[in-house]
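Trainee: From first to last, the protein sequence lines stand for chains V and H. Residues in the first sequence are numbered from 24 upward in steps of one, following the working numbering. Residues in the second sequence are numbered from 624 upward in steps of one, following the working numbering.
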Amino acid sequence: MADFSEKKEKKAAEKAFDKKSSMFSRRSTGDIVFDSINTVVLLLSVVIILYPLLNMVALSFNDGLDALRGGITIIPRKFTTKNYSEFLGKQTLPIALRVSVLRTVIGTLSSTFVTALLAYILSRKEFVFKRGLSLLYVATMYVSGGLIPVFLVYKQLGMTNSFSVYILPGMVSAWNMLVLRTYMNGLPDSLAESAMMDGAGHLTIFFKIILPLCMPVIATVSLFAAVGHWNSWFDAMLYNNTATNLTTLQFELQKMLSSVTNQNTNAETMKNATGASVTPTTMRAAATVITSLPIICLYPFLQRYFVAGLTIGGVKE
Amino acid sequence: MFKDPDFLKKVKNQKVLILLSIPFVIYVLIFCYVPLFGWIMAFQKYKPKTGIFHSEFVGLQNFQFLFTNQNGIFVKVIRNTVAMGLINLVLGTIFAIAFAILLSEFRYTFGKKVIQTISYLPHFLSMVIVTGIVYDVLRMENGMLNNFLTSIGAIDKEVAWLEEKSYFWWIVGFTNLWKETGWNSIIYLAAITSINPDLYEAASIDGAGRLSRIWHITLPGLKPTIIILLIMNIGNVLNAGFEIQYMLGNGLVQEVSQTIDIYVLKYGIGKGNYSLGTAAGIFKSVVSIILIAASNFAAKRMGEESLY
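#1: Please report the distance separating the alpha-carbon of Ala-215 (chain V) from that of Leu-744 (chain H).
#2: Give the secondary structure of Phe-680 (chain H) by DSSP, where H, G and I count as helix, E and B as strand, and everything else as coil.
#3: DSSP three-state call for Leu-640 (chain H): helix, strand or coil?
#4: Given that a residue counts as buried once 16 or more other Cβ atoms are within 10 Å of its Cβ, and exposed if not, what is Gly-872 (chain H)?
#5: Helix or strand or just coil, what does DSSP make of Lys-178 (chain V)?
#6: With DSSP run on the structure shown, which of helix, strand or coil describes Phe-865 (chain H)?
#7: Based on DSSP bridge pairs, tell me the residues matched to Lys-668 (chain H).
#8: Can you grab the Cα-Cα spacing for the pair Phe-329 (chain V) / Ile-72 (chain V), in whole Å?
#9: Could you give the DSSP three-state label for Phe-150 (chain V): helix, strand or coil?
#10: Which same chain residues end up closer than 7 Å to Trp-662 (chain H) when comparing Cβ atoms and leaving out the 5 residues on each side of it in sequence?
#11: Whose C-beta lies closer than 8 Å to the C-beta of His-746 (chain H) among residues of the same chain, with five residues either side of it excluded?
#12: Would you kindly check if the distance between the Cβ of Ala-119 (chain V) and the Cβ of Leu-280 (chain V) is under 9 Å?
#13: Starting from the C-beta of Ala-706 (chain H), find all residues in its chain whose C-beta is less than 6 Å away, skip the five residues before and the five after it, and write them out in chain order.
#14: When Cβ atoms are compared, which residues of the segment 232 to 264 of chain V fall closer than 8 Å to chain H?
#15: Please classify Phe-729 (chain H): does DSSP put it in a helix, a strand, or coil?
#16: What's the gap between the Cα of Leu-640 (chain H) and the Cα of Leu-709 (chain H)?
#17: When the cut-off is 9 Å and only beta carbons count, does Ala-296 (chain V) lie next to chain H?
#18: Below 7 Å on C-beta distance, what does Lys-904 (chain H) contact in chain V?
#19: Round the Cβ separation of Thr-311 (chain V) and Gly-755 (chain H) to the nearest angstrom and send it over; I've been treating them as touching at under 8 Å.
#20: Compare the C-beta of Lys-907 (chain H) with all C-beta atoms of chain V and state if any pair is closer than 9 Å.
#21: Does Asn-85 (chain V) come out as helix, strand or coil in the three-state DSSP assignment?
#22: Closest to Ser-749 (chain H) by CA distance: which of H:Asn-799, H:Gly-893, H:Ile-675, H:Ile-849 is it?
#23: Any C-beta of chain H sitting closer than 9 Å to the C-beta of Asn-85 (chain V)?
#24: Taking the continuous alpha helix (DSSP H) assigned at Gly-796 (chain H), which residues delimit it?
#25: Cβ closer than 8 Å: which chain H residues qualify as neighbours of Val-166 (chain V)?
#26: Closest to His-225 (chain V) by C-alpha separation, out of H:Lys-638, H:Leu-631, H:Phe-630, H:Asn-770, would be which residue?
#27: Decide if Leu-845 (chain H) is buried, meaning its Cβ has at least 16 other Cβ atoms within 10 Å, or exposed.
#28: The alpha helix (DSSP H) with Tyr-262 (chain V) in it runs from where to where?
#29: Quick one: is Asp-629 (chain H) buried, meaning 16 or more other Cβ sit within 10 Å of its Cβ, or exposed?
#30: Is the distance from the Cβ of Ala-723 (chain H) to the Cβ of Leu-812 (chain H) below 9 Å?
#31: Excluding sequence positions up to five away, which residues of its chain have a Cβ less than 6 Å from the Cβ of Val-123 (chain V)?
#32: Assuming contact is defined by CB atoms lying nearer than 9 Å, are Ser-315 (chain V) and Ile-752 (chain H) in contact in what I supplied?
#33: Tyr-897 (chain H) versus chain V: which residues are under 8 Å apart at the beta carbon?
#34: Excluding the 5 residues preceding and the 5 following Val-879 (chain H) in the sequence, name in chain order all residues of the same chain whose CB lies nearer than 6 Å to its CB.
#35: In whole angstroms, what is the alpha-carbon distance linking Val-657 (chain H) and Ile-190 (chain V)?
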């Protein structure tokens with residue numbers, strides 16, 4: 024469905040474009056002015072988005088002391104890879120990297136699978152508790168216990184200082200369940216019915232028929248889940264603050280950032296006295312590049328799945 | 624349901640589905656409804672030692688405390704949250720619509736694709752990274768903005784952007800714009816492509832220019848989308864954020880940077896006053912629900928599409 028609607032959209036866009044370009048064959052001065060201003064504004068917004076990112080990359084490859092002089096744009100002035108080797112050589116880094124990767128992989132796979140199973144159960148029209156169970160989940164989209172009760176419950180369950188706090192809380196997402204269920208409801212009933220006639224049980228139907236057919240929407244849902252896992256830092260801070268073997272990349276980066284924002288700017292100069300050519304600023308730049316690398320590398324190729332998620336997300340309950 | 628004479632028979636036939644759904648019922652009860660039960664703490668003088676079942680009930684005392692004590696911190700916190708939430712909502716909507724319109728009027732398909740791809744990128748970066756970037760742009764010494772303004776001669780002394788109270792809300796607003804404008808424009812862009820192209824053609828035959836076509840065709844065509852998104856986002860006004868304010872706020876601006884979420888974290892978890900924190904959280908939840916219901920009602924009254 025995602026692919027289909029995207030194609031339809033594309034066609035409509037092309038059609039509109041053809042019509043527009045045919046009427047622009049005789050462009051007036053007004054049109055030319057409009058187009059030039061439009062182009063300038065769009066280019067400017069691209070610069071505003073990209074410049075700080077490119078500056079970060081340049082800083083990460085620049086000598087720390089040299090960077091203190093300022094004036095680095097998007098090309099490193101005094102090239103070095105020391106910021107990276109210093110950051111990658113930190114004791115906590117292998118742990119943080121492993122925990123981040125593990126929580127992303129395990130969290131994404133488990134939550135997608137489990138949420139899809141719930142969506143399957145709730146998409147069975149004959150199921151007697153369909154309304155009750157789905158209400159139980161949809162209500163959670165509007166009210167939640169809030170930070171403190173949740174914190175106390177997790178503590179009571181022994182989930183503090185434990186890896187499980189990364190996986191369990193987001194395991195079943197009501198929103199993703201709705202997205203998946205809408206998709207499953209759109210599949211023809213006859214598929215499941217005929218399999219049922221042939222003696223297949225619900226689990227067989229789910230694994231062999233429904234799940235493979237839902238792959239496009241599953242890709243979307245799991246990509247969002249993966250980005251969420253990779254980017255989160257608050258759970259690490261709140262629940263696993265003292266467990267050094269459970270720190271994540273984002274939490275390490277957050278700690279580096281807060282040590283810079285909370286101190287006076289003198290902190291950097293003081294560090295120079297030791298003669299190190301790596302400063303907190305340049306090392307943080309390297310950490311930022313490494314932390315955002317997987318996303319920047321992957322997302323241009325996966326973009327259409329993300330966008331598809333927005334359009335199929337338009338579900339009503 | 625229970626009046627159905629075949630009910631028991633159905634239950635028997637659907638053993639597998641029922642068995643499969645039991646873990647889901649247990650899960651949602653533990654992770655979503657047990658914490659809701661914790662709301663009782665807001666009406667107690669909760670002590671971890673005595674627990675929720677044996678703590679002393681104090682009625683609305685905690686709520687009263689929120690609004691009258693601590694030199695009115697909580698009222699300021701509400702003000703900050705609402706202000707930043709509204710700035711995010713208004714600026715976010717306007718910029719997303721404007722960006723979508725500009726993109727839809729851009730005539731080179733390939734360039735449009737490239738610009739779109741770049742504009743989505745910040746949405747996928749974590750708030751930690753984005754806040755770090757904002758810090759690098761705005762910090763006083765060698766900050767990008769100060770460097771730029773100095774080089775064009777707009778300022779002759781570096782400005783401490785992050786230490787000035789009156790800038791803070793706008794810094795948060797523009798950070799969110801930088802991160803989300805491209806992403807939020809997708810949905811408006813989709814709505815623009817679904818507007819009937821004949822309308823544009825008819826208008827241009829009647830001599831309408833680009834701007835008047837945008838004003839009289841595109842914007843009215845977007846109206847239902849704008850309204851439904853506004854309804855959805857008004858309920859989020861009190862979720863004005865936590866991450867940027869938490870990471871970017873410092874002692875000098877804390878009077879304007881603290882939001883309800885930070886208050887809950889600071890007094891509830893940091894200082895161990897669970898009852899007070901829960902009360903603040905309940906206040907936020909209840910107001911959010913009222914906001915959603917009210918905006919939905921208003922949309923229905925105006926004869927527009929509503930959420931439910």
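Think of the CB as a built atom: it goes at the ideal place given N, C-alpha and C, for glycine as much as any other residue.
Mentor: In this structure, then:
#1: When rounded, the distance between both Cα atoms is 40 Å.
#2: Looking at Phe-680 (chain H) - three-state DSSP - the assignment turns out to be strand.
#3: In the three-state scheme derived from DSSP, where H, G and I count as helix and E and B as strand, Leu-640 (chain H) is classed as helix.
#4: Its Cβ being crowded by 16 or more others within 10 Å, Gly-872 (chain H) is buried.
#5: Helix at Lys-178 (chain V).
#6: Judged by DSSP in its simplified three-state form, Phe-865 (chain H) adopts coil rather than helix or strand.
#7: Partner(s): H:Glu-679.
#8: Distance between the alpha carbons of Phe-329 (chain V) and Ile-72 (chain V): 19 Å.
#9: Phe-150 (chain V): coil per DSSP, three-state reduction.
#10: The answer, listed in chain order, is Thr-901, Ile-905.
#11: These residues qualify, in order along the chain: Lys-802, Glu-803, Gly-805, Trp-806.
#12: Between Leu-280 (chain V) and Ala-119 (chain V), the gap from beta carbon to beta carbon reaches 9 Å or more.
#13: So the qualifying residues of the chain are Trp-792.
#14: Residues Val-250, Trp-253, Asn-254, Ser-255, Trp-256, Phe-257, Leu-261.
#15: Looking at Phe-729 (chain H) - three-state DSSP - the assignment turns out to be coil, as it is neither helix nor strand.
#16: In this structure, the alpha-carbon of Leu-640 (chain H) lies about 45 Å from that of Leu-709 (chain H).
#17: Caution is warranted here: a pLDDT of 46 is assigned to Ala-296 (chain V), below 50, making its placement in the model unreliable, and the coordinate value is therefore given only provisionally. So, not an interface residue.
#18: For clarity, residue 904 (chain H) is Gly in the given sequence; the question names Lys instead. Chain V residues near Gly-904 (chain H): Gly-169, Leu-170, Ile-171.
#19: Between Thr-311 (chain V) and Gly-755 (chain H) the beta-carbon gap is near 6 Å, inside 8 Å, which marks them as a contact.
#20: Contacts with chain V at 9 Å (Cβ-Cβ) include Lys-907 (chain H).
#21: Strand.
#22: Cα-wise, what sits closest to Ser-749 (chain H) is H:Asn-799.
#23: It does not: the Cβ of Asn-85 (chain V) has no partner Cβ on chain H nearer than 9 Å.
#24: In this chain, the alpha helix (DSSP H) harbouring Gly-796 (chain H) covers 788 to 816.
#25: What Val-166 (chain V) touches in chain H, judged by beta-carbon distance under 8 Å, is Leu-659, Ser-908, Ile-912, going in chain order.
#26: Put simply, of H:Lys-638, H:Leu-631, H:Phe-630, H:Asn-770 the residue whose alpha carbon is nearest the alpha carbon of His-225 (chain V) is H:Lys-638.
#27: Classification of Leu-845 (chain H): buried, given that the 10 Å Cβ count is 16 or more.
#28: 257 to 262 is the extent of the alpha helix (DSSP H) around Tyr-262 (chain V).
#29: With fewer than 16 other Cβ atoms within 10 Å, it is exposed.
#30: Contact: yes.
#31: The residue asked about is misnamed: residue 123 (chain V) is Ser in this sequence, not Val. Residues of the same chain with a CB within less than 6 Å of the CB of Ser-123 (chain V), apart from the 5 flanking positions on each side, are Thr-271, Leu-272 in chain order.
#32: Yes, they are a contact pair.
#33: Ordered by position in chain V, the residues that pass the 8 Å Cβ test against Tyr-897 (chain H) are Ile-171, Leu-175.
#34: Hits under 6 Å: Asn-703, Lys-788, Phe-791.
#35: Between the C-alpha atoms of Val-657 (chain H) and Ile-190 (chain V) there is a straight-line separation of about 18 Å.
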